[in-house]
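Let me begin by presenting the structure, written as structure tokens, before commenting on it.
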Amino acid sequence: MLTISDPAEMRAWSQARARRGRSIGFVPTMGALHAGHRALIDDAHDRADDVVVSIFVNPLQFNETADFNSYPRPIDHDVAACEAAGVAAVYAPTAAAMYPEGFQTRVVPGALADQMEGPGRPGHFEGVVTVVAKLFGAVRPDVAIFGQKDYQQFAIVTALSADLDLGVDIIGHPIVRERDGLALSSRNVRLTPAQRAAAICVPGSLDAARAAALGADSSPASVRAAAVAVIEREPLARLEYATVFDQRSLVEVDGFGEGQPGAAPARIAVAVWFGDVRLIDNRELFET
Ligand code: AMP
1 MLTISDPAEM RAWSQARARR GRSIGFVPTM GALHAGHRAL IDDAHDRADD
51 VVVSIFVNPL QFNETADFNS YPRPIDHDVA ACEAAGVAAV YAPTAAAMYP
101 EGFQTRVVPG ALADQMEGPG RPGHFEGVVT VVAKLFGAVR PDVAIFGQKD
151 YQQFAIVTAL SADLDLGVDI IGHPIVRERD GLALSSRNVR LTPAQRAAAI
201 CVPGSLDAAR AAALGADSSP ASVRAAAVAV IEREPLARLE YATVFDQRSL
251 VEVDGFGEGQ PGAAPARIAV AVWFGDVRLI DNRELFET
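Going by my numbering, the first residue of the sequence shown is number 1, and it counts up by one from there.
Structure representation (structure tokens):
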């Protein structure tokens with residue numbers, strides 16, 4: 001397995017593979033790899049000949065310097081995990097290589113970025129699409145795998161590839177969870193044992209929302225209220241938002257469509273704080 005840190009070297013490697021007729025599957029990450037990332041890598045193996053994983057903690061997408069500085073960076077563990085997962089190349093550029101002096105171009109996302117996470121995290125998705133566009137430019141993938149845990153990110157990157165004719169097939173991989181239902185996240189290691197125990201209220205709130213959705217006379221308001229009640233019962237949890245939304249437009253819905261539950265492809269998403277750790281999660285409401 002190769003580890004590459006220079007964008008031009010990365011592109012040369014990918015182009016050489018492409019000339020040999022090899023397709024490239026790409027998994028962009030910020031490192032601190034866990035079983036959720038591994039599932040994305042396995043998915044990429046099923047869809048392409050060679051898999052590239054990028055590891056880059058992107059300063060452009062962080063709202064808080066403290067969050068950026070405290071983000072875990074176990075690079076040796078990550079490189080070993082990629083090797084064990086059969087990755088062909090790890091792309092781990094330095095911040096100086098990604099944003100050299102004189103760097104000035106940004107990609108501006110559209111309306112999808114104004115919903116959900118958008119208002120509370122100004123500039124976040126601009127940072128995400130800018131770095132994804134740069135990573136695609138260096139890695140030149142045929143297909144890229146994103147997790148549905150970051151559902152809005154997956155939707156915005158799908159639009160990026162389509163709108164800018166990048167030709168990268170964007171796949172949304174289902175959320176990978178711990179046995180007790182908590183979605184795997186690099187930030188989970190920062191939870192105290194008490195916060196970790198409390199954090200099961202996050203998937204619990206989504207389960208309550210789904211149960212409410214499938215009940216008689218359900219509405220987005222009653223579904224949201226069911227989720228909020230579960231989080232508010234947990235003293236260590238602080239709810240930032242809970243939203244029931246159309247999974248194509250990400251716009252909050254006020255009905256489930258023609259009076260039929262399930263007619264709209266609706267999802268619920270929540271963002272919940274435990275101390276200074278922010279967790280997000282979501283699920284479809286009417287999937288079978
Ligand atoms: P990150 O390293 O947190 O930026 O995540 C890299 C990719 O892994 C993103 O596409 C995430 O959505 C995805 N990912 C992170 N955690 C999970 C999870 N528990 N299940 C599925 N995908 C995930």
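Here a beta-carbon is modelled for each residue, glycine too, at the ideal position from N, C-alpha and C. Computed from a predicted model, the values in this text were never measured in an experiment.
Quiz item: Going by the C-beta, is Val230 closer than 8 Å to any heavy atom of the ligand AMP?
Solution: no
Quiz item: Any Cβ of chain B within less than 9 Å of the Cβ of Gly204?
Solution: The chain labelled as chain B is not found in the depicted structure, where only one protein chain is given.
Quiz item: Since Ala138 contacts Arg11 with CB under 8 Å, what's their CB separation in whole angstroms?
Solution: 5 Å
Quiz item: So what does DSSP say about His34, is it helix, strand or coil?
Solution: coil
Quiz item: In whole angstroms, what is the alpha-carbon distance linking Leu135 and Ser54?
Solution: 8 Å
Quiz item: Opposite Asn282 in the DSSP bridges: which residues?
Solution: Ala269
Practice problem: Can you grab the Cα-Cα spacing for the pair Pro343 / Glu117, in whole Å? | Solution: Limits of the chain in this structure are 1 at one end and 288 at the other, which puts residue 343 out of reach.
Quiz prompt | Inter-stretch contact at 8 Å, needing at least 3 Cβ pairs: the segment 79-87 / the segment 115-131 | solution = no
Quiz item: Going by C-alpha distance, which of Ala44, Arg38, Ser5 is nearest Ile24?
Solution: Ala44
Quiz item: From Gly275 to Ile231, what distance separates their C-alpha atoms?
Solution: 14 Å
Quiz item: Expressed to the nearest angstrom, what Euclidean distance is found between the alpha-carbon atoms of Pro265 and Ala212?
Solution: 16 Å
Quiz item: Looking only at C-alpha atoms, which of Pro141, Val129, Arg140 sits nearest to Ala155?
Solution: Val129
Quiz item: From the DSSP output, which residues share a beta bridge with Glu252?
Solution: Phe245
Quiz item: Okay, do the segment 93-110 and the segment 64-72 touch, 3+ Cβ pairs below 8 Å being the bar?
Solution: no
Practice problem: Look at the Cβ atom of Ala271, then the Cβ atom of Leu279, and state whether they are nearer than 9 Å. | Solution: yes
Quiz item: What is the residue span of the alpha helix (DSSP H) that Pro220 lies within?
Solution: 220-232
Exercise. Give me the Cα-Cα distance between Asp169 and Lys149, rounded to the nearest whole angstrom.
Key: 18 Å
Practice problem: Have a look at Ala95 and Ala88 and give me their C-alpha separation to the nearest angstrom. | Solution: 22 Å
Practice problem: Pick out whichever of Glu287, Gln153, Val143, Asp78 has its Cα sitting closest to the Cα of Gln115. | Solution: Gln153
Quiz item: Can you give the beta carbon distance from Phe146 to Val131, rounded, assuming they're within the 8 Å contact cut?
Solution: In fact, because the Cβ distance is near 13 Å, the residues do not count as touching under 8 Å.
Self-check item: Chain-order list of residues whose beta-carbon lies under 7 Å from that of Gly259 (same chain, five-residue window excluded)
Solution: Low confidence applies to Gly259: its pLDDT is 47, below 50, so where it sits in the model is not reliable enough to give any reading.
Practice problem: List the DSSP bridge partners of His173. | Solution: Gly147
Exercise. Could you tell me the boundaries of the alpha helix (DSSP H) in which Val129 lies?
Key: 124-139
Practice problem: Report all residues from its chain with a CB closer than 8 Å to the CB of Ile171; omit the five preceding and five following residues, and keep chain order. | Solution: Asp43, Arg47, Val143, Ala144, Ile145, Phe146
Exercise. Pull up the distance between the alpha-carbon of Ser5 and that of Met98, whole angstroms please.
Key: 10 Å
Exercise. Would you identify the three-state DSSP class for Val168, choosing helix, strand or coil?
Key: coil
Quiz item: So what does DSSP say about Phe274, is it helix, strand or coil?
Solution: strand
Quiz prompt | Where Ser249 falls, given that 16 or more other Cβ within 10 Å makes a residue buried | solution = exposed
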